[in-house]
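In the order they appear, the protein sequences are chains A and B.
For the first sequence, the working numbering begins at 31 and goes up steadily by one.
For the second sequence, the working numbering begins at 18 and goes up steadily by one.
See below for the structure under consideration.
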Amino acid sequence: DTGVSQDPRHKITKRGQNVTFRCDPISEHNRLYWYRQTLGQGPEFLTYFQNEAQLEKSRLLSDRFSAERPKGSFSTLEIQRTEQGDSAMYLCASSSLGQSSYEQYFGPGTRLTVT
Amino acid sequence: GQNIDQPTEMTATEGAIVQINCTYQTSGFNGLFWYQQHAGEAPTFLSYNVLDGLEEKGRFSSFLSRSKGYSYLLLKELQMKDSASYLCAVRDSNAGNMLTFGGGTRLMVKP
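Written out as structure tokens, the structure reads:
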């Protein structure tokens, strides 16, 4: 399977704990995006990378959220001191520069439940 | 900022045609996308419009009018498997070309 993969698929954590999610994009894609989606809503942009550089970060993203893409390949999203409001599906997507750069390919998501 | 509006829910009959509308406001329009999302799954790309007009791809077509800030997704010969959420998203060149999604339209296809 050469699509976008995410790990874990599901995570249940207690309020106040830290969690980290991983995303592996399609190998030749140099852009990587993180979104958050709650039930009945569309995905909400969090941040994006071009190679290893984090180029854009949503103003809605609190300081408890941090993302990295150290080698320009996989990315991690960490949430510190989780709150119940962080419960959502976290989606990763990737795309490539060039003529087909308009299409973002989404991974299956990580569903986070904060109890 | 950006504002994207689409109906929350629609119902249609198998074999029929349905049109899902989307209106948007954005400062640096650089393309409009439609994605399909089945419950519990990731969004999958359906179509892309950056110029005015109709783009056809099999049973699905998408239309764009930039002057009106309006798009629609047309689904023909509806099948039960088309029951899903349909997400309209706009790309903004003034915001790192990120996608801003509408809330999605949940389509239910009935026999």
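Glycine included, each C-beta is placed from N, C-alpha and C at the ideal position.
For Thr112 of chain A, does the count of other Cβ atoms within 10 angstroms reach 16, so buried, or fall short, so exposed? Translated into the one-based positions of the first sequence, residue 112 of chain A becomes position 82. Buried, by the Cβ-count rule.
In whole angstroms, give me the CA-to-CA distance for Pro138 of chain A and Tyr65 of chain A. Within the first sequence, residue 138 of chain A is the residue found at index 108, counting from 1. Within the first sequence, residue 65 of chain A is the residue found at index 35, counting from 1. Distance between the alpha carbons of Pro138 of chain A and Tyr65 of chain A: 12 Å.
Should Glu59 of chain A and Ser105 of chain A be called a contact, given that it needs their Cβ atoms to be closer than 9 Å? Position 29 of the first sequence holds residue 59 of chain A. Position 75 of the first sequence holds residue 105 of chain A. It is worth fixing the name first, because residue 59 of chain A is His in this sequence and not Glu. No. Outside cutoff.
Is the beta carbon of Ala97 of chain A less than 9 Å from the beta carbon of Leu90 of chain A? On the first sequence, position 67 is the one that residue 97 of chain A refers to. On the first sequence, position 60 is the one that residue 90 of chain A refers to. No, these two residues do not count as a Cβ contact at 9 Å.
When Cβ atoms are compared, which residues of the segment 88-116 of chain A fall closer than 9 Å to chain B? Ser88
When you compare each of B:Tyr87, B:Ser64, B:Pro128 and B:Pro60 to Cys39 of chain B by their alpha carbons, which one comes out closest? As a first step, residue 39 of chain B must be located in the second sequence, where it is residue number 22. Closest by alpha carbon: B:Tyr87.
Residue of B:Asp99, B:Ser100, B:Met97 and B:Glu73 minimising C-alpha distance to Tyr89 of chain B: One-based indexing of the second sequence puts residue 89 of chain B at position 72. The residue with the shortest Cα to Cα distance from Tyr89 of chain B is B:Glu73.
From this set, B:Ala106, B:Gln96, B:Glu26 and B:Val35, which residue's C-alpha is nearest Ser78 of chain B's C-alpha? Taking the first residue of the second sequence as 1, we reach residue 78 of chain B at position 61. Of the listed residues, the one whose Cα sits closest to Ser78 of chain B is B:Val35.
For Arg99 of chain A, count the other beta carbons within 10 Å of its own beta carbon; 16 or more makes it buried, fewer makes it exposed. Which is it? Locating residue 99 of chain A in the first sequence gives position 69, counting from the first residue. Under this definition Arg99 of chain A is a buried residue.
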